[in-house]
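Visitor: Take a look at the following structure, please.
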Amino acid sequence: MAKIENGRQSADSRSIRTISSSHMDDESSLGSDSEMNGFTNDRHTDKYGFIGGAQQYSEESAQDVPPEVLRQREVKWLDMLSNWDKWMVKRHKKVRLRCQKGIPPSLRGRAWLYLSGGKVKREQNRGKFEELDSQAGDPKELDVIEKDLHRQFPFHEMFVSRGGHGQKDLFRVLKAYTLYRPEEGYCQAQAPIAAVLLMHMPAEDAFWGLVQICEKYLPGYYSAGLEAIQLDGEILYALTRRVSPITYRHLEKHKIEPILYMTEWFMCAFSRTLPWASVLRVWDMFLCDGVKIIFRVGLVLLKCMLGTREKLNACQGQYETMELLRTIEPRYMQEGFLVREVLDVPISERDVESEHHVQLKRWRKNRGELHWKSPPRMHGARAIMASEPPSRQDLRQNPTIIVESPLPAPQLQKREKKGKEEKKSIKKESMKKTPPVTEIPNPYNLPGDPQLPLRDPHEKNWNNPCFILDSSHSLTHSLTLRPSACQPSPLSLYQALAQLSHIPATGCTMANVTAAQLWATIVYFSYDFYSACF
């Protein structure tokens, strides 16, 4: 710890790796004994499953969604989850918008599994979790995991009992990951990530969700040396300069390294920092849009806590600044406020990647190559889905979930019938052909001359004017018009158009003539008729 506080030097890998758990040990161990003896059967549990005051700001900061709105959102999410691939490919913006509004609690676990790509990963590796679960594992890793179990949300009903089903499942998930990625092993910051997933899904799904977060969303975060988290700290530091220059200057003035305040934020995805209502909303957006959401949340907290002169006057040194960042004001973590601010931060995945290249180049210049070669980071659900090889496409086409809709059966059938009728009508309109046009009789025919013949263009009989179209229109015959009528005969126009379009003149009607051909012919005839008469 001392090495990091004195400058931007590379610290011992083990000391850096446990930096994220220093706050965890101090805070969560306070309730480790009370979880066995301090509660009775009539203990109060909030709607998130927390007992007592462990999440004192959760209900205060939570936004109450009306039941009817919640039911409507559930129906929409059921439709999306039943046609997941189609929605992700064609209507991803709508999926993102619904994630920003908040995933319904009843479907959050399933939605997270699909957003992260954990469902596809599970289908690709059927039986893998059971195989890993049946193995013994490394005793050293298991000993560390065992010591960390009681520290993970000790006031949540799933993990309140030592040796209960929640702690057992957490142990299984973490042990399976150490066997799945033995070169990476176990990192203490993985435990809260796995615990959050277990609150919403079974152990096997939580395992694959953890795999996806570690491999796709936050690659290299939990490896020895934690080079990836240090690199992202430099990225956050640079982005702070763009979002809040006053905050950046203050941190630079007091030489406060990003690793000191952002490690727990990023490695635990704010699960140990924010009220639970805000944690869930941040995770909804994080699993949809990727790590840029984590950067945005960090930037919002830095800006709110250090972005004004009044606040900076209260922290004139490094210690005061660190204490301020450790005890963030509840109003800045409130669900509605935080989500609005996060969505307003002008930082995209392109900005993150651009700054990543800059900081990586600087890292290599000052420290050399990275020791841990992590896979490329995927920015959200769509990028993860697009990265699937074509040979695996069939796995994604299976129905995702089968859940009964909360709508009554008659209302659901009526809704489905209406949707089918709308699709049929749209398809019918798109395939609709132009109706046949009835033949228009010639209003200018004379009794003795029902149809004016086409004449030879070389015939020089000017008693009746002869108008010739140029050869570019492939019409080599002229059309005879009667000056006394002052208009061309429509049937003669049909015959001319028949020559123009290579349509037989016999039986030529308006139905054989396109609008463009008719208009072109009228323009030419109008010009030639005017020239001949005058």
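Residue numbers (the UniProt record's numbering): 1 to 534.
Where is the CB? At the ideal position from N, CA and C, for every residue including glycine.
So, does the region 281 to 288 touch the region 93 to 104, judging by three or more C-beta pairs under 8 Å?
Guide: The region 281 to 288 is in contact with the region 93 to 104.
Visitor: Is it buried or exposed, residue 381, if we count other Cβ atoms within 10 angstroms and call 16 or more buried?
Guide: In the sequence shown, the residue the question calls residue 381 occupies position 381. With 16 or more Cβ atoms within 10 Å of its Cβ, residue 381 is classed as buried.
Visitor: Would you kindly work out how many angstroms separate the C-alpha atoms of residue 479 and residue 90, rounded to a whole number?
Guide: Working through the sequence shown from its first residue, we reach residue 479 at position 479. Working through the sequence shown from its first residue, we reach residue 90 at position 90. Caution is warranted here: a pLDDT of 40 is assigned to residue 479, below 50, making its placement in the model unreliable, and the coordinate value is therefore given only provisionally. Each residue's alpha carbon lies about 55 Å from the other.
Visitor: Please list, in chain order, all residues of the same chain as residue 119 whose beta carbon is under 6 Å from its beta carbon, the five residues on each side excluded.
Guide: By 1-based counting over the sequence shown, the position of residue 119 is 119. Counting only Cβ-Cβ distances below 6 Å, and skipping sequence neighbours, we find 113.
Visitor: Does the beta-carbon distance from residue 184 to residue 214 come in below 9 Å?
Guide: Here residue 184 refers to the residue found at position 184 of the sequence shown. Here residue 214 refers to the residue found at position 214 of the sequence shown. Contact flag set, yes.
Visitor: Just confirm the distance between the C-beta atoms of residue 352 and residue 235, as a whole number of angstroms; I'd bet it's less than 8 Å.
Guide: Numbered from its first residue, the sequence shown carries residue 352 at position 352. Numbered from its first residue, the sequence shown carries residue 235 at position 235. Rounded, the Cβ-Cβ distance is 7 Å, consistent with contact.
Visitor: Any contact between the region 340 to 348 and the region 291 to 305? By contact I mean 3 or more CB pairs, one from each, below 8 Å.
Guide: The region 340 to 348 is in contact with the region 291 to 305.
Visitor: Taking the C-alpha atoms as reference points, what is the distance between residue 191 and residue 250?
Guide: Position 191 of the sequence shown, counted from the start, is the residue given in the question as residue 191. Position 250 of the sequence shown, counted from the start, is the residue given in the question as residue 250. Near 33 Å, if we compare the C-alpha coordinates of residue 250 and residue 191.
Visitor: Between 88, 200, 324, 266, which has its C-alpha nearest residue 106's C-alpha?
Guide: Against the sequence shown, residue 106 aligns to sequence position 106. Among 88, 200, 324, 266, the Cα nearest to that of residue 106 belongs to 200.
Visitor: Rounded to whole angstroms, what is the Cα-Cα separation between residue 456 and residue 425?
Guide: Here residue 456 refers to the residue found at position 456 when the sequence shown is read from its first residue. Here residue 425 refers to the residue found at position 425 when the sequence shown is read from its first residue. Since pLDDT at residue 456 reaches only 47, below the 50 mark, its modelled position is unreliable, and no value is offered.
Visitor: Whole angstroms is fine: what's the gap from residue 312's alpha carbon to residue 268's?
Guide: On the sequence shown, residue 312 is found 312 positions in, with the first residue counted as 1. On the sequence shown, residue 268 is found 268 positions in, with the first residue counted as 1. The alpha-carbon atoms of residue 312 and residue 268 are separated by roughly 27 Å.
Visitor: Would you call the region 162 to 176 in contact with the region 125 to 142, where contact means no fewer than 3 C-beta pairs closer than 8 Å?
Guide: Taking 8 Å as the limit for Cβ pairs, the verdict is that the region 125 to 142 does touch the region 162 to 176.
Visitor: Would you mind giving the Cβ-Cβ distance between residue 552 and residue 117, rounded to the nearest angstrom? I have them listed as a contact below 8 Å.
Guide: Here the chain has residues from 1 to 534 only, and residue 552 is not among them.
Visitor: Quick one: grab the DSSP three-state call for residue 50.
Guide: Walking along the sequence shown from the start, residue 50 turns up at place 50. Looking at residue 50 - three-state DSSP - the assignment turns out to be strand.
Visitor: Locate the alpha helix (DSSP H) running through residue 248, then write down its first and last residues.
Guide: As a position in the sequence shown, residue 248 is number 248, starting the count at 1. Looking at the DSSP string, the run of the alpha helix (DSSP H) that includes residue 248 is 245 to 253.
Visitor: If you count every other CB in all the chains shown that lies within 10 Å of the CB of residue 292, and 16 or more means buried, which is it?
Guide: Within the sequence shown, numbered from 1, the residue matching residue 292 stands at position 292. Residue 292 is buried by the Cβ-count criterion.
Visitor: Name the one or two DSSP bridge partners that residue 156 has.
Guide: Reading the sequence shown from its first residue, position 156 is the one you call residue 156. 50, per the DSSP bridge assignment.
Visitor: Per DSSP, residue 45 is paired with what?
Guide: For this step, residue 45 is matched to residue 45 along the sequence shown. In the DSSP output, where bridge partners are listed per residue, residue 45 has 51.
Visitor: Is the beta carbon of residue 167 closer than 9 Å to that of residue 142?
Guide: As a working mapping, residue 142 is identified with position 142 in the sequence shown. As a working mapping, residue 167 is identified with position 167 in the sequence shown. Not a contact, by the Cβ cut-off of 9 Å.
Visitor: Leaving out the 5 sequence neighbours to the left and right, which residues in its chain are closer than 8 Å to residue 198 when beta-carbon positions are compared?
Guide: Along the sequence shown, read from residue 1 onward, the residue named residue 198 stands at position 198. These residues qualify, in order along the chain: 158, 166, 169, 170, 173, 206.
Visitor: Look up residue 380 in the DSSP assignment and say whether it is helix, strand or coil.
Guide: Position 380 of the sequence shown, counted from the start, is the residue given in the question as residue 380. DSSP places residue 380 in coil when its eight states are reduced to three.
Visitor: Let me know the beta strand (DSSP E) ranges lying completely inside the region 72 to 104, each 3 residues or longer, listed in chain order.
Guide: The qualifying runs do not exist here; there are none.
Visitor: For residue 387, which three-state DSSP category applies?
Guide: Mapped onto the sequence shown, residue 387 falls at position 387. Coil.
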